[in-house]
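In order, the protein sequences belong to chains U and C.
The UniProt record's numbering applies: residue 1 is where the first sequence begins, and numbers increase by one.
The UniProt record's numbering applies: residue 1 is where the second sequence begins, and numbers increase by one.
For glycine and all other residues, C-beta sits at the position ideal for the given N, C-alpha and C.
Worksheet: one structure, shown below.
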Amino acid sequence: MVDIPLKPKNETFTDKQWQAVFDSGDNLLVSASAGSGKTSVLVRRVIEKLKNGSNIDELLIVTFTEAAAREMKERIQNALQDAINKESQQERRNHFVKQLTLLPRASISTLHAFCLTVIRRFYFLIDLDPVFRMLTDDTERLLLKEEVWEELRESYFDSSDQDFYRLAENFSNDRSDDGFTDLIMSLYDFAKANPDTIDWLNQLPQSYDTTQGLAGNQMYQTQVKPLILANLQTAIGQQKTALEVAQNTGSMEKAESLLDSELEQARRLWTYVNEDKVQQAYEQLAAFDFKRYPTFNKQEEVKEISEEAIKPRRDSAKELIKNTETFFAQPPEKMLELMNHARPLVKKMGEVTLNFIEKYQKRKQVKGVLDFNDLEHFALDILQGNGEGSEASEYYRDRFEEVLVDEYQDTNRLQEAILFWLCNPESEYGNLYMVGDVKQSIYAFRLADPTLFVDKYSAFAHEEGGRRIILAENFRSRKEVLQFTNLVFEQLMDETVGQIPYDEDAQLVPGFSSFPASENFNTELLLYEKEVEEDPTVVDDKTEGELYLVALKIKELVENKFMIYDKKQKENRPITYDDIVLLTPTRKNNLVIMDVFKQFQIPLEVNDAQNYFQATEVQTMISLLEIIDNPYQDIPFVAVLRSAIVGLNEEELAKIRLAQKEGYYYEAFLSYLKNQDELSVRLRSFHEQLESWRSLARRRALSELIWTIYQETAYLDYVIGLASGRQRYANLVALAHRAESYEQSSFRGLYQFIRFVEKMQEKDKDLAEPLALSQENAVRVMTIHASKGLEFPVVFLLDMTKQFNYSDLTTRYIFEEKLGAGIQYIDNEQVCYDTLPYQAIKQQRIKKMLSEEMRKLYVALTRAEQKLYLVGSYKTKEEALKNLGESFGPRKYSIRSCTPIKRESQFNGLGWNDLDAAPRYAE
Amino acid sequence: MELYQEFQLGNISSDNLDFSLDNQTTSKRKDFELKMYEIKRIFAAYEEELAKRKLQIEQPLTMLTNFLASENSQEMAKLEQKLFIVTGFSNFNMQEQELLKVLFGKSQVCIDLYIDSIYADNGPLDLFFDPKQTYHLLKDFAQSQQERVLFDKKAPQLTQVSASYLELERCFKQTSVGRYKQEHNLDDFVEIWKAENPEEEVKQVATEIRRLVVDSFTKENEQLYYRDIQLLTLDPELYYPFISSTFEELDIPFYLDQDRTMEQHPLVEFIHALFALDDYYYRTSDVFRFLRTELYIPNDLQEETSDWKEARNRFRWMVDLTENEALAHNFHGVDWTRQEDWHLFDFDFEQEEIIETKSTEKLSNHVRNDFRNDIVSFFPRLKSASSTREAIVIFYEFLQEIGVEKQLLCWREQELEWGNLEYARDHEQTWASLMDLLDEFVEIYGSDSFDFDLFKEILSSGLENLTFGKIPTAIDQVQINSLDLTRPLQAKVTFAVGLDETSFPRTTENKSLISTEERQQLNATLQEGQYLKDQTEETIRKEPFVAYNMLLSASEKLYLSYPRNADSKQNMKVSPYLARILNWTNLSVQDHSSLDLTYEARNYVGTYKSLIRQLNGLYRQAQEEKKTLPVVWQSLKDLLLASDYRFLAQRVFESQTHRNTPVNISPELAEQLYGKDIYSSISQIETFYDYQYDYFLKFGLRLKEREIYGLNSAVTGEIFHEALDNFLKAIFQENLSLTQMSEEHRQLLVEHVLENMFGQERYAFMQGNARMSFIRYRLKKTIARVSWGLKKQAEKTRLTPVQTEVLFGEIAGNQGIPGLQIPLSNGGNLYLRGKIDRIDTTTVDGKPWLAVVDYKSSAHKFDITDSYYGLAMQLLTYLDIALQDAVELIGQKNVHGAGAYYFHVYDPVMDPKKTGEKERLKRYKYDGLFADEPEVFEAFDETLNKSQYSSVFPIQMDKNEQLKKSAKSKEKFYTAEEMNVLMAHNRKKLKEAAERILSGEIKMNPSYKMKDKRRATQYSPFHSISAFDPMLEENDYYRIHPLSKEEIMKRLKEENDG
């Protein structure tokens, strides 16, 4: 701890923020919840360091996105400029001016970008050819991988390797081996996020070890057994309480004896498991005798106690015990047998993947390219040397006074390893400054590992290895939004689900005091009732139903001039469309949203949509390029004829076909040219154009060809007159541009460009549309992920009752950073068994997934500045109330640790009936 | 090489890199020394190699210096009388310094430098740091050599420039140290613009240029010419294309000071593609990439026709068609190198027809043969060369043989014809460069043994970095210059574009082999007169100086602009240099956004051509904002429509009224297209109801997707169907019974059937590779499992297969039973054709029953809504036909319909909790329409016991031993009357479709099933043609809301009654 300067009176920072700016001398973890002014703190910290004589290039500042890095630089620049203007002392001024010149090459970037500079500088430490280019394009990378994989797969199939054949079969379906390819590609991606890919892959078969019996298997010991014991423990606790209640109530002998027997069995089961008597445990579980729970209809009072205090506890205990069967679905010897079968497959799949990695690496080397993945791995290789650090690591450790990491909760293990080699390794001289909020860690799909944050969060609480600073005050939202969020997360989140407790430290505290008080900002619930809608032909789709509600509500808000507070103008003003954002869990519903909002004539801006190649004018141009490449392609040829470039209608298209009824349409077109009517004149002129473009295509750069086409057809001029003409125009201009940068980066010529675009479409990849004029005053739609870090006056959170998507967990393979790989085993009779590691990993993944879903909810709720609407549907109002209420109350534990699976959607489990902030029910 | 060059310029030889490498130094130092040692070794090896080959990298400056330094030249005497003027430099590299030093001694030298004073106030941060340093360096040297410094003079204040010019100069200089106070207005001299994007930026600039030039016509003496104007940019890649297109459109002559590299020339692509053939062993894509260069045209074609163009067109055509075949058959690798001809066998699995391929076969073999003779044969010849010289001769001869030079010559001629002088020269130059390259190659490596990899490497990269010679500029053109090379008073008017925060100052990254620190370390050890510059550092340091030069580059007017967005970069800010000026002065940024209805037309008007686009854009804006076009623009439009551009304008303006709606074709045309009689499969009619427009494209225009080799679902489906058909046929033929045959027998039979089947030519493509044999193995296993299912079902039900693959109508020349013929109002008929996968029969109490079974390779459920709307017509039509033609099919009259069922062909994955035969059999349970007649239930499943569910049919036996419909499947049962109503409706829908098709109706009405959100557009391959866009007002889905069986029966009854 260092001396922190006294906070001046007029300083707007809170004490905690002030501390976060100046504290140092240790590793510091700043846990900054949503809206707590984290970026200002970070910038201020940097500035203060510079004022203190540090140089900007002695700091490493790692951001999560390029945009964040840019923003950071800009804010530092402004602050420096400011400091220069205010500074009177020449020497200090010179220092600031120098910082300004150093700024452009200061290490303020994403970790990826920083890795690139490490590689550029120290390439020779790992014998890397310093001449390389980045493989930035997804499709190109995909194609390269596919190419390598196809060759490797073929050579394996050709080698009559029995294990390989069985592996392929195990993951293929009854007619194709695509599933198998998916397996290897997923395993590749997963393994690559690990600091030591090779080791990780080689370790995979270990969890399938059977030499020590089931109880001796490490996966069983470390994962399964503790989980079973914990479940049983909870069950036993429930049973005991239930029994006590029954005994105290009296005249419940039947129930008592049932509870007694079940408790006794549960205890026995617990002992067997605890003592590793797996066979007995299995048998006990199979023979577990659950009797029918008696009814107490005669005595009203007893009945009530029974139904409210005993039966629920007993039933949940029963459920917990039943859940244990997941792990004992087969007798122990069968489980061992399955693991014996699976082990060689797991071994083979690791081997194939390693082989693939090697081949892919070689191919990249030949092409002189690096992909994003390589950046981190190579940088780590450079830094860690033979495991004890290297010249490079020494250099950076020496150079950096402090390493600041933003959004630390989204770091993965590989990145953590890299950071290790950049910071002072001794904790008493810790110089790592981490900022983040684990409640906002939503990048598991990019293999972020929030436990890194959590572990430090808990250790630093006791000053082990560093210290933590908590920024709880929220300067973004109204207290209604914050209270609601607090309320929800108090119910939902604890250490097991969510990895840290939602305790006082985690609570959001209102910090922005200028919002005028108003009654209108309670969080509201928009529920669509599926079964109540009278005319089924109007709306019978729940997504549409929900969106109708939303659209109606938005119309109402705007028409009634709902007043919101304008932070810039510092006064209330009527709401406009662009104050509103719709957050959706997925992009899937974008089509429907567009559809509904079109009907209501509400202007809409759909963000982060990757649908560039779907745009009509781009498709037309691609079709034209395709037929310039080869006109013997019916679909693109007719697409061009029907487009404005030739402008034929269906009648004319039909006439052409009649010139030759079979074969390529282009042949019919050529035949028609011989006619002497008005149509043939037009066709001949197009044919001439096409021929000249074909010649041009061989000789000129692609972008030149495209510009020539634009000039000769006036297509650019044409599209601007269509609906959303400016966007279309921008799309076409971008095509010429993208073609050009494509030719400069990778391949040359029309032929390869067309292949590339086709592959892209085949792989369902696309590019973002260039930004034309952004729709002003439009409601925005974005995913929760895209909304991270942003804030909006009014937020509609859509699709809250959507079932969680477990599809990631229904494949035949499942991976986890620490636990390795679990596979299902398919025997000769096509019976598909879960192996023990599969089940163990799956439970772990489900737990993580639910945590992640919960954090997504947190991110979504905290986007709102002023007003929050939650949108979902239930069959009826009654069902809604029942579901919303059920998740809380006596079954409180159920949404928590023990059976997290219970939470099926964002809505269920929110614990509504406890809410005084009572979301109002909207019809 | 770059590094070597750098060392040369810094006067550093590899000996300077010799470090002790002793153990005394720190590890960090050691690493540095080790690195230098390695570089030294590389350089030494390089120099040795040069020496061995008697080569010398020419260092003209050093040569000159040495020459001048040598005393013995007679010319030297004259030097003393000469004055050398050195201008425009701010610093000199070591070689240049050496030269200057010699000149100092031998003659008069005059050097000018931009500095404000000779004192560097701010160290490296001083704007004039470099020139000041240079100043001192030179002066110190001169003094140390006792050379006389004649004239150390400060240039006088500029007088011919305006006060604003000087103000700006002072402003930039002083704001850099933060003590400026504005004394004079700048707004008549500087304008700072922001535009939406680079393109708009250029447009605004171009319009302004026109305006300036035109306006100046009226002023005497002050006439401004294009040549007085320059446009500066730091990012030619981004801006040049816009500049070309915009300036051409606005008729502004311009000169791009741009080196065009040969990299883009097709000859380079030709060489890359050629070597890729060998590197990747004739991948399909590489072969066509090569053929598409069209620098190779087979000699036989060229001989056949004397006309070059005709030969090329012919070959182009042949390659087009061959490419399609190669993709469809996956011709790659050995297919291109072997001698035997290709045998094309095309089978249309959807239409079940063999496709005629004779002529394409001949043609593609022609291409293949030529390719093999001319290209494939080249590689072994080349590789067998013993010396490099020999290899190069072989390569040269090869190029000549296949006519590359000839093609280039023809291209040149053609370019000349088109008037593209510059391009014509390009072709010539590239060829000449290649020849030079080969010559040099022979000279240097000629006698070495041939190294193929080196050869490839040198040829591939040898041309890439060369640039084309430029054609001299015309007189009155706007100069487009590079911003970092500009100098004060370079033009009267300067436009500088792209000055956003990320572009200026430039961020440079040190990509060289030696880092900034290492450079410093190295320099510390070097002698005087040696210095390794740090480009990166220098660039960053000099950036303010570049800005300074830019600001002073115009004598009359300076326009500085930046784009707000560029492609996906959004909301960019202005460059910090400009921000500084804006901060300290009263200048403000002018928003030059793209044309808006409210803007002054005067600022935007360019040419007629550009007016077309502007008017079209304004029209759209007016539409969207529900306004009318301002009068000015309206009158401009009238002018345009009276000009020569009116035709183009009219065509372009069509977009204003464009609607993406198809037109109907005339009934006459429809009849010509589809025939008076319509021959159709049921799935075609279903397509019609699903998406009429697709129907028109697919069956009217007969458009096909490009065929790509692979196993698609249509093919697997066909394999399954055929296998099951063959299996049952074999049983019929051998008079076997499914129920009675043994398990082994069944397996043997399946094995035999599959063996035969995969032996057919149409499946030859599955022999292709090892992976395919795995898939074949897997398919076989699936089929074997299904045959087990068939047998087990047969053991339970009395409905027995009697017919399989029953053809009706005419398919691929085979005539089946008549099937359905529906008379149409045009006098023709609708003839339906198709295949009923299977017909099963049984007799209950003497009453004959019949059912049809349809094999599906994915799970299918009968959906009555789909059936009602014509989206699922198969089951009903098959049942209809089977009942109608029962006599012919099963030899019985008065047959009753037992239903129509889907049978899922697959190998189900079993849950360990539900294993065993029974469970597996359940997975094959039928779905579809079932006769709601209890008497037939016993035939459905004979083996049911009390309280059991059937695993074949959706029936059960209750605890009273009564057979009944299983509770969940009641909706699947239909009484005979209900079935008749549905079949009648089905026929009506068939007829309706045919009538509508022949009426010429074409609607763009993709169906959208509300139940599962399936949109017909989702899977349509024709999207690029229809361009259906739900955001367009005129494009709407045909929404299909789910209806209950009850509702549908009610509607049908009403229809019949009404």
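Check your understanding: Cα separation between Asp228 (chain C) and Gly462 (chain C)?
Key -> For the purposes of this step, residue 228 (chain C) is taken as residue 228 along the second sequence, with counting starting at 1. For the purposes of this step, residue 462 (chain C) is taken as residue 462 along the second sequence, with counting starting at 1. Computed Cα separation, rounded: 39 Å.
Point to revise | Neighbouring residues, chain U, relative to Lys704 (chain C) (Cβ below 7 Å) | key: By 1-based counting over the second sequence, the position of residue 704 (chain C) is 704. By Cβ distance, chain U contributes Asp634.
Review point. Out of C:Asn986, C:Arg702, C:Phe1022, C:Asn299, which has the shortest C-alpha to C-alpha gap to Ile1048 (chain C)?
Key: Locating residue 1048 (chain C) in the second sequence gives position 1048, where the first residue counts as 1. Checked all of C:Asn986, C:Arg702, C:Phe1022, C:Asn299; the closest Cα to Ile1048 (chain C) is C:Asn986.
Check your understanding: Which of the residues in the segment 155-187 of chain U, read from start to end, lie with their CB under 9 Å from any CB of chain C?
Key -> The residues in question are Ser155, Tyr156, Phe157, Asp158, Ser159, Ser160, Tyr165, Ala168, Glu169, Ser172, Asn173, Asp174, Arg175, Ser176, Asp177.
Check your understanding: Is the segment 907-916 of chain C touching the segment 930-949 of chain C in the sense that three or more CB pairs, one from each, lie closer than 8 Å?
Key -> no
Review point. Between Thr388 (chain C) and Phe452 (chain C), which are expected to be in contact by the criterion C-beta below 8 Å, what is the C-beta distance as a whole number of angstroms?
Key: Here the question's residue 388 (chain C) lines up with position 388 in the second sequence. Here the question's residue 452 (chain C) lines up with position 452 in the second sequence. With a Cβ gap of about 10 Å, Thr388 (chain C) and Phe452 (chain C) do not count as contacting.
Point to revise | Under 7 Å from the C-beta of Ile665 (chain C): neighbouring residues of chain U | key: Locating residue 665 (chain C) in the second sequence gives position 665, counting from the first residue. Under the 7 Å cutoff, chain U gives Glu650, Glu651, Ala654.
Point to revise | Counterpart residues of Tyr645 (chain C) in DSSP-defined beta bridges | key: Indexing the second sequence from 1 puts residue 645 (chain C) at position 645. Tyr645 (chain C) is not bridged to any residue.
Review point. Looking at Val806 (chain C) and Ile822 (chain C), is the spacing between their C-beta atoms short of 8 Å?
Key: Here residue 822 (chain C) corresponds to residue number 822 of the second sequence, with the count starting at 1. Here residue 806 (chain C) corresponds to residue number 806 of the second sequence, with the count starting at 1. No, they are not a contact pair.
Review point. In chain order, what residues of the same chain have a beta carbon less than 7 Å from the beta carbon of Leu168 (chain C), not counting five sequence neighbours either side?
Key: Here residue 168 (chain C) refers to the residue found at position 168 when the second sequence is read from its first residue. Same-chain partners within the cutoff: Leu186, Phe189, Val190, Leu551.
Review point. Would you say the segment 850-862 of chain U touches the segment 485-492 of chain U, given that touching needs at least three Cβ pairs under 8 Å?
Key: yes
**Study point:** Where the beta strand (DSSP E) containing Asn481 (chain C) begins and where it ends
**Key:** Working through the second sequence from its first residue, we reach residue 481 (chain C) at position 481. Where Asn481 (chain C) is concerned, the enclosing beta strand (DSSP E) stretches over 478-482.
Exercise for review: Give a yes or no on contact between the segment 16-33 of chain U and the segment 462-473 of chain U, applying the rule of three or more CB pairs nearer than 8 Å.
Suggested key: yes
**Study point:** Of the listed residues C:Arg541, C:Thr800, C:His272, C:Glu1046, nearest to Ser90 (chain C) (C-alpha basis)
**Key:** In the second sequence, the residue the question calls residue 90 (chain C) occupies position 90. The residue with the shortest Cα to Cα distance from Ser90 (chain C) is C:Arg541.
Review point. Is Trp418 (chain C) helix, strand or coil when you go by DSSP?
Key: Indexing the second sequence from 1 puts residue 418 (chain C) at position 418. DSSP places Trp418 (chain C) in helix when its eight states are reduced to three.
Exercise for review: Can you say whether Glu196 (chain C) is buried or exposed, counting buried as having 16 or more other CB atoms within 10 angstroms of its CB?
Suggested key: Counting from one through the second sequence, the residue named residue 196 (chain C) turns up at place 196. Counting Cβ neighbours within 10 Å, Glu196 (chain C) comes out buried, since at least 16 surround it.
Point to revise | Ile754 (chain U) vs Glu617 (chain U) beta-carbon contact at 8 Å | key: Indexing the first sequence from 1 puts residue 754 (chain U) at position 754. Indexing the first sequence from 1 puts residue 617 (chain U) at position 617. Not closer than 8 Å, so no.
**Study point:** Environment of Val334 (chain C) [buried if 16+ CB atoms lie within 10 Å]
**Key:** Residue 334 (chain C) sits at position 334 when you count from the first residue of the second sequence. Exposed, since its Cβ has fewer than 16 Cβ neighbours within 10 Å.
Point to revise | Buried versus exposed call for Tyr1019 (chain C) [16 or more other C-beta atoms within 10 Å across all chains shown] | key: Position 1019 of the second sequence holds residue 1019 (chain C). With fewer than 16 other Cβ atoms within 10 Å, it is exposed.
Point to revise | Residue burial classification, Leu728 (chain C) (beta-carbon count within 10 angstroms, cutoff 16) | key: Indexing the second sequence from 1 puts residue 728 (chain C) at position 728. Classification of Leu728 (chain C): buried, given that the 10 Å Cβ count is 16 or more.
Review point. What is the C-beta distance between Val319 (chain C) and Leu291 (chain C), in whole angstroms, given that I count them as a contact (C-beta under 8 Å)?
Key: Reading the second sequence from its first residue, position 319 is the one you call residue 319 (chain C). Reading the second sequence from its first residue, position 291 is the one you call residue 291 (chain C). Contact flag correct, Cβ pair sits at about 5 Å.
Practice item. For Trp411 (chain C), return the contacting residues in chain U, with the cut-off set at a CB-CB distance below 8 Å. Key: Numbered from 1 along the second sequence, position 411 holds the residue referred to as residue 411 (chain C). Chain U residues near Trp411 (chain C): Arg699.
Point to revise | Span of the beta strand (DSSP E), counted from its first residue to its last, around Glu817 (chain U) | key: For the purposes of this step, residue 817 (chain U) is taken as residue 817 along the first sequence, with counting starting at 1. No beta strand (DSSP E) contains Glu817 (chain U), which DSSP labels as neither H nor E.
Practice item. Report buried or exposed for Glu208 (chain C), applying the criterion of at least 16 other Cβ atoms within 10 angstroms of its Cβ. Key: Locating residue 208 (chain C) in the second sequence gives position 208, where the first residue counts as 1. Buried is the call here.
Practice item. Give the residues of chain C in contact with Ser703 (chain U), contact being defined as C-beta atoms less than 7 Å apart. Key: Walking along the first sequence from the start, residue 703 (chain U) turns up at place 703. Neighbours of Ser703 (chain U) on chain C, chain order: Pro241.
Exercise for review: Grab the span of the beta strand (DSSP E) containing Thr246 (chain C) for me, first residue to last.
Suggested key: The residue labelled residue 246 (chain C) in the question sits at position 246 within the second sequence. Note, Thr246 (chain C): premise wrong, no beta strand (DSSP E); alpha helix (DSSP H) at 236-249.
Review point. Whose C-alpha, out of U:Leu152, U:Arg292, U:Asp799, is nearest the C-alpha of Tyr874 (chain U)?
Key: In the first sequence, the residue the question calls residue 874 (chain U) occupies position 874. Tyr874 (chain U) has its Cα closest to that of U:Asp799, out of U:Leu152, U:Arg292, U:Asp799.
**Study point:** Nearest to Arg316 (chain C) (by Cα), restricted to the options C:His329, C:Asn330, C:Lys154, C:Ser364
**Key:** Residue 316 (chain C) sits at position 316 when you count from the first residue of the second sequence. Checked all of C:His329, C:Asn330, C:Lys154, C:Ser364; the closest Cα to Arg316 (chain C) is C:Ser364.
Practice item. Would you mind telling me which residues of chain U sit closer than 7 Å to Gln656 (chain C), beta carbon to beta carbon, in chain order? Key: Stepping through the second sequence from its first residue, residue 656 (chain C) is reached at position 656. Within 7 Å Cβ-Cβ: Gly721.
Practice item. Take Phe720 (chain C) and list the residues in its own chain whose beta-carbon comes closer than 6 Å to its own, dropping the five residues that flank it on each side. Key: Your numbering for residue 720 (chain C) matches position 720 in the second sequence. Contacts found: Ser857, Val905.
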